[in-house]
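Following: one structure in structure tokens, then a few remarks.
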Ligand SMILES: Nc1ncnc2c1ncn2[C@@H]1O[C@H](COP(=O)(O)OP(=O)(O)O)[C@@H](O)[C@H]1O
Ligand SMILES: [Mg+2]
Ligand SMILES: [Zn+2]
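In the numbering used here, the protein residues as written are 4 to 307.
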């Protein structure tokens, strides 16, 4: 038995379940990646200067051939984003893939994703682009940094409360988007994400012109590689030592009904076993799996 690189369940004699491959690639077989690794490094973004994960991972857009047999670097018609290993922080692709699956279990909307083995035998994270729908066309997205009128450099100069004000102002259904934003921010805290800054939240503009919170992206547990990494955005003025009371006050600020807020705050405990099982089966090394599991347990308990 091995582990499916898409759903992390056991799979016999294969890298992925054919059904999982069909969802991600539109074919029961994993396509070959026709990419020179040097290309990824040339096309990727330069590393940011501060001690954060941000921009550390170089990435490329990939298209898939009509016969679904190969993936190629593409600018037009790109269906996927590929994020390979980053030299400075080990196992980010495995970390992001696991965190996205925990997010799905938690109830967030996430695009299809998986791990892909490159020619140098390392694993890269592959995610379907939600701004390029399968039926064609492009969807516009605006990240919270743009919505706030801030420059990309100012992406850490925000707060959870600012996110709520932006959603209230720009989302077509502010009530729904506010709750979705609250859940995403809580999830980021639960999973030790110190890189959920204003560019990692976006509104997606639908074919109907309506603005809603986009599917989740760039989710990972930065605390596995940066010890005690605090939150990127303050919640109630705090980046550390948050508890249930902090989140309840924030829910009040967001005008989320108490019962709905309580349901969200109980979600980590509700999906904890499933999250721990995913963690255990993930491609992270044993020490990172253990640290991640401990954090998930501790923070679910903090909310209890
Ligand atoms: N699945 C996706 N579909 C569409 N756009 C995406 C997706 N994932 C990320 N993006 C966009 O690409 C940008 C960079 O991706 P991200 O995962 O945040 O990489 P980085 O680790 O470099 O910040 C995001 O800010 C977002 O605008
Ligand atoms: Mg990002
Ligand atoms: Zn699978």
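Each residue gets a CB set at the ideal place from its N, CA and C atoms; glycine is no exception.
The alpha helix (DSSP H) with residue 23 in it runs from where to where?
Counting along the chain, the alpha helix (DSSP H) containing residue 23 begins and ends at 21-28.
Taking the alpha-carbon positions, what's the residue 217 to residue 293 distance?
The alpha-carbon separation between residue 217 and residue 293 amounts to approximately 31 Å.
So for residue 164, helix, strand or coil by DSSP?
If DSSP states are grouped into helix, strand and coil, residue 164 belongs with the helices.
Proximal residues to residue 303 (C-beta, below 8 Å), its chain only, five neighbours per side dropped:
Around residue 303: 193, 271, 272, 275.
How many angstroms separate the CA atom of residue 94 from the CA atom of residue 119?
13 Å
For a test of the three-state rule: what should DSSP assign to residue 179, helix, strand or coil?
Here residue 179 sits in helix by DSSP.
Here's a check: name, in chain order, each residue in its chain whose Cβ is nearer than 6 Å to the Cβ of residue 22, leaving out the five neighbours to either side.
none
Is it buried or exposed, residue 170, if we count other Cβ atoms within 10 angstroms and call 16 or more buried?
The residue is buried, with at least 16 neighbouring Cβ atoms inside 10 Å.
In angstroms, rounded to a whole number, what distance separates the CA positions of residue 260 and residue 254?
8 Å
What does the Cβ neighbour count give for residue 35, buried or exposed, with the cut at 16 atoms within 10 Å?
Counting Cβ neighbours within 10 Å, residue 35 comes out exposed, since fewer than 16 surround it.
What residue range is occupied by the uninterrupted beta strand (DSSP E) comprising residue 105?
It is not in any beta strand (DSSP E) - residue 105 instead sits in the alpha helix (DSSP H) that spans 95-109.
I'd like to confirm something about residue 100: is its beta-carbon nearer than 7 Å to some heavy atom of ligand 3, or not?
No, Cβ of residue 100 sits at least 7 Å from all heavy atoms of ligand 3.
Among 266, 189, 211, 77, which one has its Cα closest to the Cα of residue 204?
189
Helix, strand or coil: how does DSSP classify residue 13 here?
strand
Taking DSSP as the reference, what is the three-state secondary structure of residue 67?
strand
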